[in-house]
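Okay, so here's the structure we're looking at.
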Amino acid sequence: MDAKRSSVWPAIADDLLRWYDAHRRDLPWRARPGEAADPYRVWLSEVMLQQTTVATVRPRFAAWIARWPDVASLAAADEAAVMAAWAGLGYYARARNLVKAARMVVANHGGAFPSSEAGLRALPGLGAYTAAAVAAIAFGERAVVVDTNVERVVARLFAIHQPLPGARPAIRAAADTITPDARAGDFAQAMMDLGSSICTVRAPRCLLCPIRGACRALAEGAPERLPTKAAKRARPTRYGTIFWLERDGAVWLVRRPEKGLLGGMRALPTGPWNYEPPALADAPAAAEWRMLETRVRHGFTHFEIDLALAVARGDAQGEGEWWPIAELDGAGLPTLFAKAVVAVRKEGVA
DNA sequence: AACCCGTGGGG
DNA sequence: TCCCCAAGGGT
């Protein structure tokens, strides 16, 4: 580890920080200039922003802070309530790890976040990026912060043509050479602001870029072609059945297994998800199931699912809970099942 | 080292 | 419509 190495290209950091001082975005989790950052807010925002857009996170961050304003309150929270509060944000392991990490901070660190990159990296849900980002932004440590924005900016700045993900080590090494000792957090956020507003994926606004003079990809003439990426695999379609079992104005909900897809989330029962057309296997009850006309299609990262909707009235078997249909909005269902609820409300159970 | 893990918006 | 993408992490 060479955590205290100064940048090789100080002029790049200087130009970028000057630009940042004039154009920085005003974001709810960002401390005002001169104010101390709150590690809890920095951490929470970084986790929410993992693979998730600023526009999506903005309102969710505010609601979360209103409910759990500090680590101690989150550590004391009921995990099911936390999972429900995360519903719709996706990548639900983030919510499970949020609770685990908060409890570790309280139990093992006296309620204060570790300030070193290595200490942060030991908490669940903090990988290389997030640990570096929190160390830099919340604690001012010099850390090499590489997210997808920084990858793009650096790949262009140094004209790294090797495809991702193979290019990651080279990109990180290059990022290290421009990371300054001072204002590490501002530098990281400046790189991300630059990537999101100037050095964009499709049509970079190079005329507005504060470091265009140093950009080798611009000199080569086609910065928008970098970074290059390995080809992606096709997304297969799977099929399955969602079961809507109703009794006395309530519907039968289950909790999905902790690990795997939508892990730990409240859900409608489903059968197995196969590459064949759906059947009534694994129904939560022996009842007179009726198939609705509407089907639910939903895309995940690596496959698409096409689900039939089976509805019935009757008693349930196994583990689960009756949930008042009128209060389903508060159940914290992932989007896939929220779509099913809309479909059932439209067609009715009869 | 691949693969798994959600969702909503933009072009 | 369809594809790509976003302040990635875990295994």
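Numbering follows my numbering, with no gaps: position 182 of the first sequence is 213. Backbone N, C-alpha and C define an ideal beta-carbon position, used for all residues, glycine too. If you're wondering where the values come from, they're calculated on a predicted model, not measured in any experiment.
Who does residue i pair with in a DSSP beta bridge?
i, result
"Arg344", "Glu277"
"Leu364", "None; Leu364 has no bridge partner."
"Arg297", "Arg286"
"Glu335", "Thr268 and Gly330"
"Pro355", "Ala281"
"Met322", "Ala341"
"Leu195", "Lys260"
"Asn128", "According to DSSP, which records beta bridges pairwise, Asn128 is partnered with nothing at all."
I'd like to know whether the C-beta atoms of residue i and residue j end up nearer to each other than 9 Å.
i, j, result
"Val1", "Glu277", "The first residue shown for the chain is 32 and the last is 381, placing residue 1 beyond what the model contains."
"Ala138", "Pro145", "no"
"Trp95", "Leu75", "yes"
"Ala250", "Ala190", "yes"
"Ile336", "Ile209", "no"
"Glu172", "Glu148", "yes"
"Arg89", "Pro70", "no"
"Trp354", "Ala316", "no"
"Val113", "Val136", "no"
"Glu350", "Arg286", "yes"
"Asn180", "Gly226", "yes"
"Arg256", "Ala262", "no"
"Ala108", "Trp99", "yes"
"Trp320", "Ala357", "no"
"Ala245", "Leu188", "yes"
"Arg328", "Leu338", "yes"
"Arg134", "Val175", "no"
"Tyr195", "Lys260", "According to the sequence provided, residue 195 is Leu. The question's Tyr does not apply to it. Against a cut-off of 9 Å, the Cβ pair of Lys260 and Leu195 comes out as a contact."
Within 10 angstroms of its Cβ, does residue i collect 16 or more other Cβ (buried), or is it exposed?
i, result
"Tyr306", "exposed"
"Ser104", "exposed"
"Leu238", "exposed"
"Gly119", "exposed"
"Met79", "buried"
"Lys370", "buried"
"Thr301", "buried"
"Glu324", "exposed"
"Lys377", "exposed"
"Met32", "In this prediction, Met32 has a pLDDT of 42, which is less than 50 and means its spatial position is unreliable; nothing more can be read from the coordinates."
"Asp16", "It is not possible to answer for residue 16, since the shown part of the chain is limited to 32 through 381."
"Val232", "exposed"
"Ser38", "buried"
"His333", "exposed"
"Met296", "buried"
"Pro267", "exposed"
"Glu77", "buried"
"Pro254", "buried"
"Gly65", "exposed"
"Met322", "exposed"
"Pro365", "buried"
"Pro235", "buried"
"Asp217", "buried"
"Arg63", "exposed"
"Ala67", "exposed"
"Ala219", "buried"
"Gly361", "exposed"
"Ala213", "exposed"
"Ala132", "buried"
Compute the beta-carbon to beta-carbon distance between residue i and residue j, rounded to the nearest angstrom, for a pair I have assumed lies under 8 Å.
i, j, result
"Trp19", "Gly271", "This structure cannot settle anything about residue 19, because the visible part of the chain is limited to 32 through 381."
"Val185", "Tyr160", "Not confirmed; about 13 Å, so no contact."
"Pro41", "Pro211", "7 Å"
"Ala169", "Ala215", "Ala169 to Ala215, Cβ: 11 Å. No contact."
"Pro241", "Asp57", "19 Å between Cβ atoms; not a contact."
"Ala162", "Leu151", "4 Å"
"Ala116", "Gly363", "7 Å"
"Trp275", "Val375", "5 Å"
"Phe368", "Ala298", "5 Å"
"Asn128", "Gly156", "3 Å"
"Tyr123", "Leu293", "6 Å"
"Gln193", "Arg125", "Their Cβ separation, rounded to whole angstroms, is 30 Å, which puts Gln193 and Arg125 out of contact at 8 Å."
"Leu48", "Ala221", "6 Å"
In chain order, which continuous runs of the alpha helix (DSSP H) of length 4 or greater are located wholly inside the segment 139-191? The segment 139-191 contains these whole alpha helix (DSSP H) runs: 148-152, 159-170 and 179-188.
Minimum length 4: unbroken alpha helix (DSSP H) runs contained in the segment 213-244: List check, alpha helix (DSSP H) in window: 215-228.
My parser needs the alpha helix (DSSP H) runs of 4 or more residues fully inside the segment 52-101; what are they? At a cut-off of 4 residues, the continuous stretches assigned as alpha helix (DSSP H) that sit fully inside the segment 52-101 are 70-79 and 85-98.
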